[in-house]
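Q:
In our numbering, the protein residues as written are 7 to 350.
#1: Where residue 42 and residue 164 are concerned, what is the direct C-alpha to C-alpha distance, given to the nearest angstrom?
#2: In terms of residues, what are the limits of the alpha helix (DSSP H) holding residue 92?
#3: Would you report the Cα separation of residue 168 and residue 100, rounded to the nearest angstrom?
#4: With DSSP collapsed to three states, give me the class of residue 266.
#5: Once the 5 residues before and after residue 193 are set aside, which same chain residues still bring their CB inside 7 Å of it?
#6: So, helix, strand or coil for residue 230, using DSSP?
#7: For residue 46 and residue 160, which I take to be in contact (beta-carbon distance under 8 Å), what is that distance rounded to the nearest angstrom?
#8: Is it the case that the Cβ atoms of residue 217 and residue 284 are separated by a distance below 8 Å?
#9: Given a cut-off of 8 Å on the beta-carbon distance, is the pair residue 215 and residue 170 in contact?
#10: Pull up the distance between the alpha-carbon of residue 121 and that of residue 130, whole angstroms please.
#11: Taking the continuous alpha helix (DSSP H) assigned at residue 164, which residues delimit it?
#12: Report yes or no: is there a C-beta of chain C within less than 8 Å of the C-beta of residue 143?
#13: Which runs of the alpha helix (DSSP H) spanning at least 4 residues fall entirely within the segment 194-225, listed in chain order?
#14: Please say whether residue 201 and residue 268 have beta carbons closer to each other than 8 Å?
#15: What is the DSSP secondary structure of residue 251, reduced to helix, strand or coil?
#16: So residue 292 and residue 187 are supposed to be a Cβ contact under 8 Å. How far apart are they, rounded?
#17: Determine the DSSP secondary structure at residue 175, reduced to helix, strand or coil.
#18: Does the Cβ of residue 37 have 16 or more other Cβ atoms within 10 Å, making it buried, or fewer, making it exposed?
#19: Reducing DSSP to helix, strand and coil, say where residue 261 ends up.
#20: For a test of your reading of the model: does the CB of residue 120 fall under 7 Å from any non-hydrogen atom of the ligand NAD? Yes or no.
#21: Check the DSSP bridge columns for residue 152 and list the partner residues they point to.
#22: Would you mind working out which of 87, 281, 231, 135 sits nearest residue 155, comparing C-alpha positions?
#23: What residue range does the alpha helix (DSSP H) around residue 332 cover?
#24: Does residue 149 pass the burial test, meaning 16 or more other C-beta atoms within 10 Å, or should it be called exposed?
#25: Could you pull the DSSP bridge partners for residue 246 from this structure?
#26: Determine the DSSP secondary structure at residue 34, reduced to helix, strand or coil.
#27: Residues bridged to residue 276 by DSSP?
#28: Taking the C-alpha atoms as reference points, what is the distance between residue 109 and residue 66?
#29: For residue 134, which of helix, strand or coil comes out of DSSP?
#30: I want to know whether the segment 216-235 touches the segment 133-148 - three or more CB-CB distances under 8 Å.
#31: Does the Cβ of residue 338 have 16 or more other Cβ atoms within 10 Å, making it buried, or fewer, making it exposed?
#32: Give me the residue from 184, 281, 263 with the minimum Cα distance to residue 273.
#33: Return the chain-ordered list of same chain residues with a C-beta closer than 7 Å to the C-beta of residue 175, the five sequence neighbours on each side being excluded.
#34: Buried or exposed for residue 243, going by 16 or more other Cβ atoms inside 10 Å?
#35: In the DSSP assignment, what residue or residues form a beta bridge with residue 326?
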């Protein structure tokens, strides 16, 4: 893409040179994600020694096979479909059945509403792993969010930048069958069971996109802080509902073991605040040392916006859904209306 041309369209004559250098560092349309999505930090062949599949040659080869499918995806094409094996579907089934019972007790109402809708639509079923392509269409119709398959971890910057377009990078491989109830990394169970029902909620979708927009053009320090806010809300958030604690974080909602610990054990619970989050440690390979709770799902947005104001990141960029383009001016009401979705 010719960045100079795009910059001129965005900012008009007179300020093109000032913004060109910064614009070169951010994706300007969904098609630009074809570059950032390929900057994978690690995937199947790089499994750590403590991963349950480290010594399983067959599992490692299968991970690489599925990851290569994801690597070949280009925006605008159909998301590749994975022919999951009987063993992989059984892993999904084992996890699905256990988690579903826990959801009825511990998941927030926003999650349950869309989880049950996905069941009624036939997309979530206990015997078969859903395809990213089918689920992506579902959430796109609801909130405009779409899934983009990736081969493994991306940098916080590349991952968060995509959220600005309401695009979520998702893995297609599945956790090792020897450990179905917990995965130290995001797999297809985490993406689908953990994230998808919440991305189908309009309020949560807006919150996720605002994190992405704030990350565009942000320096490395602010990107890391936004990533921590994302981690302790979108991934491991707990909220209050009628005086009871409920879960909305995907990391908890996709792990039988950690969900049970967070809701039925004795975890350290802290009130949601940017100060607390920035002091907390993001634990990747085991349970969190602490979880942050909010009164409702409006509170994370308030915390995010206060942080944006404090860091001079407020509304530097916007996303125009009609033009599929990042812009420095707010889209017209016509564009917003044209991009309306089914979700309340």
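By construction, the Cβ of each residue, glycine as well, lies at the ideal position given by its N, Cα and C atoms.
Quick caveat: nothing in here was measured; it's all calculated off a predicted structure.
A: From the atom records:
#1: Mapped onto the chain shown, residue 42 falls at position 36. Mapped onto the chain shown, residue 164 falls at position 158. It is roughly 6 Å from the alpha-carbon of residue 42 to the alpha-carbon of residue 164.
#2: Stepping through the chain shown from its first residue, residue 92 is reached at position 86. Element bounds for residue 92: 92-112.
#3: Sequence index remark: in the chain shown, residue 168 carries index 162 (1-based). Sequence index remark: in the chain shown, residue 100 carries index 94 (1-based). Cα to Cα, residue 168 sits roughly 32 Å from residue 100.
#4: In the chain shown, residue 266 corresponds to position 260, counting from 1. In the structure shown, residue 266 adopts helical secondary structure according to DSSP, grouped into three states.
#5: Numbered from 1 along the chain shown, position 187 holds the residue referred to as residue 193. Answer for residue 193: 177, 179, 180, 181, listed in chain order.
#6: Translated into positions along the chain shown, residue 230 becomes position 224. Residue 230: helix per DSSP, three-state reduction.
#7: Counting from 1 along the chain shown, the entry for residue 46 is found at position 40. Counting from 1 along the chain shown, the entry for residue 160 is found at position 154. In this structure residue 46 is in contact with residue 160, their Cβ atoms being roughly 7 Å apart against a cut-off of 8 Å.
#8: In the chain shown, the residue the question calls residue 217 occupies position 211. In the chain shown, the residue the question calls residue 284 occupies position 278. No, they are not a contact pair.
#9: Counting from one through the chain shown, the residue named residue 215 turns up at place 209. Counting from one through the chain shown, the residue named residue 170 turns up at place 164. Yes, the pair counts as a contact, with Cβ atoms nearer than the cut-off.
#10: As a working mapping, residue 121 is identified with position 115 in the chain shown. As a working mapping, residue 130 is identified with position 124 in the chain shown. Taking the straight line joining both Cα atoms gives about 8 Å.
#11: Taking the chain shown and counting its residues from 1, the one referred to as residue 164 is at position 158. Where residue 164 is concerned, the enclosing alpha helix (DSSP H) starts and stops at 162-169.
#12: Structure shown: chain C not included; a single protein chain is present.
#13: As far as the segment 194-225 is concerned, its whole alpha helix (DSSP H) runs of at least 4 residues are 202-205, 208-221.
#14: Counting from one through the chain shown, the residue named residue 268 turns up at place 262. Counting from one through the chain shown, the residue named residue 201 turns up at place 195. No; because the gap between Cβ atoms is not below 8 Å, this pair is not in contact.
#15: Translated into positions along the chain shown, residue 251 becomes position 245. Three-state DSSP puts residue 251 in a strand.
#16: Locating residue 292 in the chain shown gives position 286, counting from the first residue. Locating residue 187 in the chain shown gives position 181, counting from the first residue. Between the beta-carbon of residue 292 and that of residue 187 there is about 14 Å, and that puts the pair past the 8 Å contact cut.
#17: Numbered from 1 along the chain shown, position 169 holds the residue referred to as residue 175. In the structure shown, residue 175 sits in a strand (DSSP, three-state: E or B).
#18: Taking the first residue of the chain shown as position 1, residue 37 is located at position 31. So residue 37 counts as exposed.
#19: Translated into positions along the chain shown, residue 261 becomes position 255. In the structure shown, residue 261 sits in coil (DSSP, three-state: anything other than H, G, I, E or B).
#20: The ligand NAD is not part of the structure shown, which contains no ligands of any sort.
#21: Translated into positions along the chain shown, residue 152 becomes position 146. Per DSSP, the beta-bridge partners of residue 152 are 173.
#22: Stepping through the chain shown from its first residue, residue 155 is reached at position 149. Here the closest residue by C-alpha is 87.
#23: For the purposes of this step, residue 332 is identified with residue 326 of the chain shown, where counting begins at 1. Run containing residue 332: none in the alpha helix (DSSP H); it sits in the beta strand (DSSP E), 331-333.
#24: Along the chain shown, one-based indexing puts residue 149 at 143. By the neighbour-count rule (16 or more Cβ atoms within 10 Å), residue 149 is buried.
#25: For this step, residue 246 is matched to residue 240 along the chain shown. BP columns for residue 246 point to 251.
#26: Working through the chain shown from its first residue, we reach residue 34 at position 28. In the structure shown, residue 34 sits in coil (DSSP, three-state: anything other than H, G, I, E or B).
#27: The residue you call residue 276 lines up with position 270 of the chain shown. Beta-bridge pairing links residue 276 to 298.
#28: Your numbering for residue 109 matches position 103 in the chain shown. Your numbering for residue 66 matches position 60 in the chain shown. Spanning the two alpha carbons is a distance of roughly 31 Å.
#29: Along the chain shown, one-based indexing puts residue 134 at 128. Looking at residue 134 - three-state DSSP - the assignment turns out to be strand.
#30: No, because fewer than three Cβ pairs between the segment 216-235 and the segment 133-148 fall closer than 8 Å, the two stretches do not touch.
#31: Start at 1 with the first residue of the chain shown, and residue 338 comes out as number 332. Exposed, because fewer than 16 other Cβ atoms sit within 10 Å of the Cβ of residue 338.
#32: Start at 1 with the first residue of the chain shown, and residue 273 comes out as number 267. Comparing Cα positions, the closest option is 263.
#33: The sequence position of residue 175 within the chain shown is 169, counting from 1. If the five residues before and after residue 175 are omitted, its C-beta is found closer than 7 Å to the C-beta atoms of 43, 154, 156, 160, 165, 168, all from its own chain and listed in chain order.
#34: In the chain shown, the residue the question calls residue 243 occupies position 237. Taking all protein chains shown into account, residue 243 has 16 or more neighbouring C-beta atoms within 10 Å of its C-beta and is therefore buried.
#35: Here residue 326 corresponds to residue number 320 of the chain shown, with the count starting at 1. DSSP output for residue 326 lists 331 as bridge partner(s).
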